[in-house]
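Novice: The structure that follows is given in the form of structure tokens.
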Amino acid sequence: MTDEYKLTSDGMQIIIMRKHVIDPTKSPVFNAEKHSTEIREEWKTWKYCGKVEQAIDRIISQRIFESDAQNLQELKSEIVAFRNEIQNLL
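This is the structure:
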């Protein structure tokens, strides 16, 4: 769906997966002799929704929450751009 989120389903509900970048060197138990230093990406279950529309709204809400917009106009522009991005995918 986006670089950070993807949607899957288990047949009963929509599952929003969120990408996490794992840097093992930042772990308090990291040992270079025993563990790989390779940074990896993992998709983890983030939220469950009953409908695709609800999942999209949840993702939009999260992006609004995480936005760096300095004013409402910037925030509105980000929301419109993301909705257009979603619309192009559908």
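Taking my numbering, the leading residue of the sequence shown gets -9, the next gets one more, and so forth. Even glycine gets a Cβ: it sits at the ideal position worked out from N, Cα and C.
Just reading off the alpha helix (DSSP H) that LYS66 is part of, what are its end residues?
Specialist: It spans 62 to 79 - the alpha helix (DSSP H) in which LYS66 sits, taken as one unbroken run.
Novice: Can you look up THR(-8) in the DSSP assignment and give me helix, strand or coil?
Specialist: Note: THR(-8) maps to coil in three-state DSSP.
Novice: I'd like to know if SER26 contacts chain B, where contact means its C-beta is closer than 9 Å to some C-beta of that chain.
Specialist: Looking at the structure shown, chain B is missing, and only one protein chain is on hand.
Novice: The beta strand (DSSP E) spanning ILE49 covers which residue range?
Specialist: No beta strand (DSSP E) holds ILE49; the alpha helix (DSSP H) holding it covers 42 to 55.
Novice: Indicate the three-state DSSP secondary structure (helix, strand or coil) for THR27 in the structure shown.
Specialist: Coil at THR27, not helix or strand.
Novice: Taking all protein chains shown into account, do 16 or more other C-beta atoms lie within 10 angstroms of the C-beta of ILE4, making it buried, or fewer, making it exposed?
Specialist: By the neighbour-count rule (16 or more Cβ atoms within 10 Å), ILE4 is buried.
Novice: What span of residues does the beta strand (DSSP E) with MET2 cover, start to end?
Specialist: MET2 -> no beta strand (DSSP E), and no H or E assigned at all.
Novice: Beta carbon of LYS37, beta carbon of ILE69: below 9 Å?
Specialist: No; because the gap between Cβ atoms is not below 9 Å, this pair is not in contact.
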